[in-house]
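Just below is one structure, and these are the notes that go with it.
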Amino acid sequence: MSDHDAIETPHDASADEPLGHALIEVRGLDVEFDGHVILSGITRSITRGQTVAVIGESGCGKTVFMKTLVALIKPTRGQISFDGADLNQLSPAELAQIRRRFGFVFQHAALFDSMNIFDNVAFPIRQNEPDTGEDEVRDRVRTHLLEVGLPEEVAAKFPAEISGGMQKRVGLARALVLKPELIVYDEPTTGLDPIMSDVINELILNTRRMYPVTSVVVTHDMHTARKVADRVMMFFPRRMLGEGQSQILFDGPPSGLEHADDRRVRQFVRGEAGDRIREMSRAMA
Ligand SMILES: Nc1ncnc2c1ncn2[C@@H]1O[C@H](COP(=O)(O)OP(=O)(O)OP(=O)(O)O)[C@@H](O)[C@H]1O
Numbered sequence: 000m001s002d003h004d005a006i007e008t009p010h011d012a013s014a015d016e017p018l019g020h021a022l023i024e025v026r027g028l029d030v031e032f033d034g035h036v037i038l039s040g041i042t043r044s045i046t047r048g049q050t051v052a053v054i055g056e057s058g059c060g061k062t063v064f065m066k067t068l069v070a071l072i073k074p075t076r077g078q079i080s081f082d083g084a085d086l087n088q089l090s091p092a093e094l095a096q097i098r099r100r101f102g103f104v105f106q107h108a109a110l111f112d113s114m115n116i117f118d119n120v121a122f123p124i125r126q127n128e129p130d131t132g133e134d135e136v137r138d139r140v141r142t143h144l145l146e147v148g149l150p151e152e153v154a155a156k157f158p159a160e161i162s163g164g165m166q167k168r169v170g171l172a173r174a175l176v177l178k179p180e181l182i183v184y185d186e187p188t189t190g191l192d193p194i195m196s197d198v199i200n201e202l203i204l205n206t207r208r209m210y211p212v213t214s215v216v217v218t219h220d221m222h223t224a225r226k227v228a229d230r231v232m233m234f235f236p237r238r239m240l241g242e243g244q245s246q247i248l249f250d251g252p253p254s255g256l257e258h259a260d261d262r263r264v265r266q267f268v269r270g271e272a273g274d275r276i277r278e279m280s281r282a283m284a
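Note that numbering that gives the first Met the number 0 gives residue 232 to position 233 of the sequence shown, counting from 1, and the numbers run on in steps of one.
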């Protein structure tokens, strides 16, 4: 393989897609912080029901991309639409309404330490559907805890009393109680042992089997990307690309990663440093 493929700019196929066939549409997205360009020229669409893994080296903008999809970050330029609604054009009330259709599974579970597990999972129901009776709240919490494999006794415990893997499962149960159409997972397996990581992978798959949910999974874990995703998008740091080069080096099924045309993709998925050591020492000189 020559070095040529390392500077190839893949064609952005989704830029040619007609509007209206996707749950999420991203057009010409740029995100900058204090003049630093993190994402530029991103145009992609995500079909309803798809599970997309977002991979790429640290700092390339995976989390920023995911947060812009769910309107936690406002793009510097470009358009993001969810189910036909342009997120930039929504009033705060409309945005709050649309966010109820999103579920968030955060890297460190982000549970409320002062609440027990039951109240943590019940929180989104009580917050967003205050008229729900306590019997229904109890049923829904119990159902979702069982779905993520947690026994009823866990409900009375506090986050500090359960393991990291259990906390992540509680985080998933909490994300599911409002029946979201889109779930975003931020590093769902980080910090877990291989077995517990696979439990989380299975739960992500199971969630997709049980609900018609669309999922975006930001991950460093190639096992997760290969196992749960039907589509993988690999980002590359903007600062390391030339003018006009696409920041998404790979966009396709996980089976295509190993033999991707772009050498940087193959190196990333195989965990090979390649030219990066030389580039890093050049940057430090
Ligand atoms: N709110 C913010 N304000 C300023 N800079 C930010 C903000 N959020 C992210 N960044 C910067 O944007 C860049 C991309 O961050 P991001 O968290 O998306 O990376 P990542 O690919 O998810 O990395 P990692 O895998 O290490 O989590 C980083 O340089 C980060 O410091």
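All residues carry an ideal CB built from backbone N, CA and C; glycine is no exception.
Discussion item. Which of the three DSSP states is assigned to aspartate 197 in this structure?
Written reply: The residue you call residue 197 lines up with position 198 of the sequence shown. Helix at aspartate 197.
Item to complete: With DSSP collapsed to three states, give me the class of alanine 52.
Response: Locating residue 52 in the sequence shown gives position 53, counting from the first residue. Looking at alanine 52 - three-state DSSP - the assignment turns out to be strand.
Fill in: Minimum length 4: unbroken alpha helix (DSSP H) runs contained in the segment 162-241
163-175, 193-209 and 221-227
Discussion item. So for alanine 84, helix, strand or coil by DSSP?
Written reply: One-based indexing of the sequence shown puts residue 84 at position 85. Three-state result, alanine 84: strand.
Practice prompt. Along the beta strand (DSSP E) that carries threonine 42, what are the first and last residues, could you check?
Written response: For the purposes of this step, residue 42 is taken as residue 43 along the sequence shown, with counting starting at 1. 35-45 is the span of the beta strand (DSSP E), which, as asked, contains threonine 42.
Worksheet entry | Cβ pair threonine 50, glycine 27 closer than 8 Å | Residue mapping note: residue 50 aligns to position 51 of the sequence shown, counting from 1. Residue mapping note: residue 27 aligns to position 28 of the sequence shown, counting from 1. Going by C-beta atoms, threonine 50 is not nearer than 8 Å to glycine 27.
Discussion item. Tell me the DSSP secondary structure of arginine 269 in three-state form.
Written reply: Residue 269 sits at position 270 when you count from the first residue of the sequence shown. DSSP places arginine 269 in helix when its eight states are reduced to three.
Worksheet item: Does the beta-carbon of phenylalanine 101 have 16 or more other beta-carbons within 10 angstroms, so that it is buried, or is it exposed?
Response: Locating residue 101 in the sequence shown gives position 102, where the first residue counts as 1. The residue in question, phenylalanine 101, is buried, as its Cβ has 16 or more Cβ neighbours within 10 Å.
Worksheet item: How long is the line joining the alpha carbons of proline 150 and aspartate 29, rounded to whole angstroms?
Response: As a working mapping, residue 150 is identified with position 151 in the sequence shown. As a working mapping, residue 29 is identified with position 30 in the sequence shown. Each residue's Cα considered, the two are about 44 Å apart.
Worksheet item: Taking the alpha-carbon positions, what's the alanine 95 to aspartate 82 distance?
Response: Counting from 1 along the sequence shown, the entry for residue 95 is found at position 96. Counting from 1 along the sequence shown, the entry for residue 82 is found at position 83. In a straight line, the C-alpha of alanine 95 is about 15 Å away from that of aspartate 82.
Worksheet item: Alpha carbon to alpha carbon, how far is cysteine 306 from glutamate 133?
Response: What is shown of the chain runs 0 to 284, which leaves residue 306 out entirely.
Worksheet item: Helix or strand or just coil, what does DSSP make of alanine 14?
Response: Numbered from 1 along the sequence shown, position 15 holds the residue referred to as residue 14. Note that alanine 14 has pLDDT 42, beneath the 50 cutoff, so the model's placement of it is unreliable and no number is given.
Worksheet item: What is the residue span of the beta strand (DSSP E) that glutamate 24 lies within?
Response: Against the sequence shown, residue 24 aligns to sequence position 25. That run of the beta strand (DSSP E) goes 23-32.
Worksheet item: Mapping DSSP to helix, strand and coil, what is glycine 255?
Response: Here residue 255 is taken as the residue at index 256 of the sequence shown, counted from 1. Residue state, collapsed to three classes: helix.
Worksheet item: Within the structure, which residues are defined as neighbours of ligand 2 by a Cβ-heavy atom distance below 5 Å, reported in chain order?
Response: No copy of ligand 2 occurs in the structure displayed; its ligands are ligand 1 alone.
Discussion item. Relative to the C-alpha of leucine 71, which candidate in Glu180, Ile97 and Val36 has its C-alpha closest?
Written reply: Counted from its first residue, the sequence shown places residue 71 at position 72. Cα-wise, what sits closest to leucine 71 is Ile97.
Worksheet item: Cα separation between histidine 3 and alanine 52?
Response: What you label residue 3 is simply residue 4 of the sequence shown in a count that begins at 1. What you label residue 52 is simply residue 53 of the sequence shown in a count that begins at 1. Unreliable positioning characterises histidine 3 in this predicted model, as indicated by a pLDDT of 35, which lies under 50. A coordinate reading is not provided.
Item to complete: Give every residue of the same chain whose Cβ lies closer than 6 Å to the Cβ of threonine 46, excluding the five residues on either side of it in the sequence, and list them in chain order.
Response: For the purposes of this step, residue 46 is identified with residue 47 of the sequence shown, where counting begins at 1. Counting only Cβ-Cβ distances below 6 Å, and skipping sequence neighbours, we find Ala21.
Worksheet item: Cβ atoms of lysine 167 and isoleucine 199: under 8 Å apart, would you say?
Response: In the sequence shown, the residue the question calls residue 199 occupies position 200. In the sequence shown, the residue the question calls residue 167 occupies position 168. Yes, the Cβ-Cβ distance between isoleucine 199 and lysine 167 is below 8 Å.
Fill in: Backbone secondary structure at isoleucine 72 - three-state DSSP
For the purposes of this step, residue 72 is taken as residue 73 along the sequence shown, with counting starting at 1. Here isoleucine 72 sits in coil by DSSP.
Discussion item. Going by DSSP in three states, phenylalanine 117 sits in which element: helix, strand or coil?
Written reply: For the purposes of this step, residue 117 is identified with residue 118 of the sequence shown, where counting begins at 1. Note: phenylalanine 117 maps to helix in three-state DSSP.
Worksheet item: By a C-beta neighbour count over all protein chains shown, 10 Å radius and 16 as the cutoff for buried, is phenylalanine 220 buried or exposed?
Response: Sequence index remark: in the sequence shown, residue 220 carries index 221 (1-based). A small fix is needed here, since residue 220 is aspartate in this sequence, not phenylalanine. Counting Cβ neighbours within 10 Å, aspartate 220 comes out buried, since at least 16 surround it.
Worksheet entry | Sufficient close CB pairs (3 or more, under 8 Å) joining the segment 31-42 to the segment 204-212 | no
Worksheet item: isoleucine 23 to serine 80, Cα distance in whole Å?
Response: The residue labelled residue 23 in the question sits at position 24 within the sequence shown. The residue labelled residue 80 in the question sits at position 81 within the sequence shown. Near 6 Å, if we compare the C-alpha coordinates of serine 80 and isoleucine 23.
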